[in-house]
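With positions in the sequence shown counted from 1, the corresponding number in my numbering is that position plus 29.
We treat Cβ as the ideally placed atom computed from N, Cα and C, and that holds for glycine.
These numbers come from a predicted model, not from an experiment.
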Amino acid sequence: MHDMIAHTLNVFLGFFAIMNPVANTAVFIGLTSDDSSYTKKLIALKALLVAFCIVSAFALLGNVIFHMFGITLPALRITGGVLVFLIGYNMLNGERSKMHKPRGQDQSADDEVAISPLAVPILAGPGTIATAINFSSAGGWSETLITIAMFGLLCGITYGFFRGGERIVSTLGKGGLNIVTRLMGLILAVIGVQMLIEGVAGAVAHWQDYAG
Numbered sequence: 030m031h032d033m034i035a036h037t038l039n040v041f042l043g044f045f046a047i048m049n050p051v052a053n054t055a056v057f058i059g060l061t062s063d064d065s066s067y068t069k070k071l072i073a074l075k076a077l078l079v080a081f082c083i084v085s086a087f088a089l090l091g092n093v094i095f096h097m098f099g100i101t102l103p104a105l106r107i108t109g110g111v112l113v114f115l116i117g118y119n120m121l122n123g124e125r126s127k128m129h130k131p132r133g134q135d136q137s138a139d140d141e142v143a144i145s146p147l148a149v150p151i152l153a154g155p156g157t158i159a160t161a162i163n164f165s166s167a168g169g170w171s172e173t174l175i176t177i178a179m180f181g182l183l184c185g186i187t188y189g190f191f192r193g194g195e196r197i198v199s200t201l202g203k204g205g206l207n208i209v210t211r212l213m214g215l216i217l218a219v220i221g222v223q224m225l226i227e228g229v230a231g232a233v234a235h236w237q238d239y240a241g
């Protein structure tokens, strides 16, 4: 029983450190700055639901999925890094990427923001997926279920942070929010570069092991 409790705490803390609801809330505010309260709620729900489904799938069938599609973790990190960097670069320069079209122009933009970049790769990024696979593969079905349950709990906590972000928006005002958006763009760009560096380093290490 003691080992199970310790494992549960380790899983929760591991996911919390990787996802960081506080930092992701700031990113969420920047990505949804022009949306209504109802739209933000929908985006938050969709993003967290998609992230939960993805992480659960990898917790259950992570290694099978990787082998089935010939995917490696370094490749996932590189792709996610490029995507996050481009979005962060646009935010940093006050520009709008195709993911940030005004709602009148593209009704599917809400889904685009919820799925990418929020769900993937920010919430369910390479680090989160790798963490889920590592924890779920540590034992039997009980460890897998604990992994899924703890990520679900963290998704609920993150949703609370996202919804509470509206108070921050109303307090900052339009000018303050513009500053936050640019700062979050810088942070996203740095996160993207970090993911890219880790992906390239992992790919080089994988190549060296293969060549050796």
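Would you call the region 99-112 in contact with the region 211-224, where contact means no fewer than 3 C-beta pairs closer than 8 Å? Because the criterion of three Cβ pairs below 8 Å is met, the region 99-112 and the region 211-224 touch.
Spatial neighbours of Thr187 in its chain, beta-carbon cut-off 7 Å, leaving aside the 5 residues before and after: One-based indexing of the sequence shown puts residue 187 at position 158. These residues qualify, in order along the chain: Met48, Pro50, Asn53, Leu77.
Indicate the three-state DSSP secondary structure (helix, strand or coil) for Ile100 in the structure shown. The residue you call residue 100 lines up with position 71 of the sequence shown. Here Ile100 sits in coil by DSSP.
Asp32 lies in the alpha helix (DSSP H); which residues open and close that run? The residue you call residue 32 lines up with position 3 of the sequence shown. Segment 31-48, the alpha helix (DSSP H) holding Asp32.
Roughly how many whole angstroms lie between the Cα atoms of Ala35 and Asn122? Residue mapping note: residue 35 aligns to position 6 of the sequence shown, counting from 1. Residue mapping note: residue 122 aligns to position 93 of the sequence shown, counting from 1. Using only the alpha carbons, I get a separation of about 45 Å.
Taking the alpha-carbon positions, what's the His235 to Leu112 distance? The residue you call residue 235 lines up with position 206 of the sequence shown. The residue you call residue 112 lines up with position 83 of the sequence shown. Roughly 22 Å separates the two Cα atoms.
Closest by CA to Asp140, which one among Ser62, Ile72, Leu42? For the purposes of this step, residue 140 is identified with residue 111 of the sequence shown, where counting begins at 1. Ranking the options by Cα distance to Asp140, first place goes to Ile72.
Could you name the residues of the same chain whose beta carbon sits closer than 6 Å to that of Ala55, not counting the 5 residues immediately before and after it, in chain order? Here residue 55 refers to the residue found at position 26 of the sequence shown. Here Ala55 has Met213 as same chain residues with Cβ atoms under 6 Å from its own Cβ, once five neighbours each way along the sequence are excluded.
Hey, quick one: how far does the alpha helix (DSSP H) through Thr157 stretch, first residue to last? If you number the sequence shown from 1, residue 157 lands on position 128. Run containing Thr157: 155-165, per the alpha helix (DSSP H) assignment.
Please report the distance separating the alpha-carbon of Lys69 from that of Pro146. By one-based count along the sequence shown, residue 69 stands at place 40. By one-based count along the sequence shown, residue 146 stands at place 117. Whole-angstrom Cα-Cα distance: 14 Å.
Selected residue, minimal CA-CA separation from Ile177, among Thr160, Gly189, Phe191, Phe190: In the sequence shown, residue 177 corresponds to position 148, counting from 1. Among Thr160, Gly189, Phe191, Phe190, the Cα nearest to that of Ile177 is on Thr160.
Quick check: the Cα distance between Gln237 and Ala230, rounded to an integer number of angstroms? As a first step, residue 237 must be located in the sequence shown, where it is residue number 208. As a first step, residue 230 must be located in the sequence shown, where it is residue number 201. Approximately 11 Å between the Cα atoms of the pair.
Excluding five sequence neighbours on each side, which residues of the same chain lie with their C-beta closer than 7 Å to the C-beta of Gly156? On the sequence shown, position 127 is the one that residue 156 refers to. Counting only Cβ-Cβ distances below 7 Å, and skipping sequence neighbours, we find Ile47.
Where Leu217 and Asp32 are concerned, what is the direct C-alpha to C-alpha distance, given to the nearest angstrom? The count along the sequence shown starts at 1 and reaches residue 217 at position 188. The count along the sequence shown starts at 1 and reaches residue 32 at position 3. A direct Cα-to-Cα measurement between Leu217 and Asp32 gives close to 37 Å.
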